[in-house]
Amino acid sequence: MSLDKSYAGINSRKNEIMKNAMQIDYDQFENEGIGFDYEGMMKKVGYSIEEMRKIQLDHGVGNTPLIELRNLTKLARKYAPKGKGARILVKDEAANASGSFKARRASIAVHHAKKLGYKGVIAATSGNYGAAVAAQAAMHGLKCIIVQECYDDDKVGQPEILEKQRICEAYGAEVVQLTVGPELFTTHLSLLEDTGYFNASLYTPFGIAGVETLGYEIGEECKNRFGKNPDAVLCTDAGGGNLTGTARGLKLFGAVDTQIIGASIDLHGLHMASNHDFNKKSWFYRSYWIQFPIHIMA
């Protein structure tokens, strides 16, 4: 008997589809009420910080440059009150394979798919993460499908997202382009069910874990270069994965007193498309163009 491929039919099987696509039973980590045992899940399916760093370095990810912005440091010390100031640095994540910090997430997810014996990976994404997954899949010899939300209700595409299609395809991935809305996740679920591929999307356990190496590297390099942990780390914040993963990595290193600051943009006045949801996507996407300055107080 053929499966019901209607919206309702696919979503009625979403828990089963997700379980098969990751070999993780989320139900066993749910606490009473709305709580979820993330740490318990990561102990069972995750990797140590040392393992993740090796996985990433073997595939062109990590150990990105930490560069002092000397002119900004001079300005900060010139205009700050006497005895205060900041040494300002930036972590250049464009040096990762595929050109963004998303490679940290993708490297762990795709490695895990290979380890479990999946023949391919699928990721639902708008841009940079799709390129990261496609690049990592190519390195691991896996098939890759990128489900990309790029059109508004009038079928007008956002240029920055559309251009990522070419990058994904250059790495050998198949790209399915959709509007922003429920069809993205339903199509994603349907493709996972049809192909039997691994779910390598952002919001899996490895989406946060892969970024922990970023925070760990920041703490390690600041300690080695300046003899202290950074006083504050400024992270871009849209979906929360960069902010959370970086903070967890700093904590793993031992930089427990470092202040973590999330930076986003104001959605008011942003009109990129014909509908509100697509403008939200524009906000979400642009938040990732900001790099990751680190302020070390003098």
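Heads up: the sequence shown begins at 1183 in the working numbering, then just goes up one per residue. Cβ coordinates follow ideal geometry from the N, Cα and C atoms, glycine included.
{"Item": "Supposed contact pair R1348 and T1397 - C-beta distance, whole angstroms, cut 8 Å", "Value": "It is Gly, not Thr, that sits at residue 1397 in the sequence shown. At roughly 32 Å, the Cβ-Cβ gap does not stay under 8 Å, so G1397 and R1348 are not in contact."}
{"Item": "Residue of G1302, S1372, F1388 minimising C-alpha distance to A1355", "Value": "G1302"}
{"Item": "Exposed unless 16 or more other CB atoms sit within 10 angstroms - verdict on P1341", "Value": "exposed"}
{"Item": "Collapsed DSSP secondary structure at V1415 in the structure displayed", "Value": "strand"}
{"Item": "Residue environment, R1407, which counts as buried when at least 16 other CB atoms sit within 10 Å", "Value": "exposed"}
{"Item": "Stretch pair the region 1249–1256 + the region 1287–1302: three plus CB contacts closer than 8 Å", "Value": "no"}
{"Item": "Cut-off 8 Å between Cβ atoms - residues of its own chain near I1443, not counting five sequence neighbours on either side", "Value": "A1414, V1415, L1416, C1417"}
{"Item": "When A1317, Q1205, K1325 are compared against K1284, the one with the closest alpha-carbon", "Value": "A1317"}
{"Item": "Inter-residue Cα distance where the pair is P1412 and Y1311", "Value": "28 Å"}
{"Item": "C-beta atoms of L1366 and L1374 nearer than 7 Å", "Value": "no"}
{"Item": "Span of the alpha helix (DSSP H) around T1428", "Value": "1423–1435"}
{"Item": "Local conformation of F1380 per DSSP, three classes", "Value": "strand"}
{"Item": "C-beta contact flag for F1380 and A1295 at 7 Å", "Value": "yes"}
{"Item": "Pick from G1222, M1234, C1350 that is closest to G1281, judged by C-alpha positions", "Value": "C1350"}
{"Item": "Distance between R1269 and G1299 (C-alpha atoms, nearest Å)", "Value": "46 Å"}
{"Item": "Limits of the alpha helix (DSSP H) - the one that I1290 falls within", "Value": "1284–1298"}
{"Item": "Close Cβ partners of Q1238 (< 7 Å) along its chain, the five nearest in sequence each way excluded", "Value": "G1244, R1286, S1289, T1395"}
{"Item": "8 Å contact criterion, which V1315 and A1305 should meet: CB distance rounded", "Value": "4 Å"}
{"Item": "Cross-strand partners of C1326 (DSSP beta bridge)", "Value": "V1303"}
{"Item": "Classification of Y1333 by the beta-carbon crowding that lies within 10 angstroms, buried from 16 upward", "Value": "buried"}
{"Item": "Under the three-state DSSP convention, the category S1194 falls into", "Value": "helix"}
{"Item": "Reference V1292, options G1339, A1319, Y1189, F1211, closest by Cα", "Value": "A1319"}
{"Item": "A1279 - DSSP class collapsed to helix/strand/coil", "Value": "coil"}
{"Item": "Whether S1308 touches E1345 by CB criterion (7 Å)", "Value": "no"}
{"Item": "Selection from V1362, I1327, K1325 that minimises the alpha carbon distance to A1339", "Value": "The sequence as given places Gly at residue 1339; Ala does not occur at that position. When only C-alpha atoms are compared, the closest one is V1362."}
{"Item": "Residue environment, K1273, which counts as buried when at least 16 other CB atoms sit within 10 Å", "Value": "buried"}
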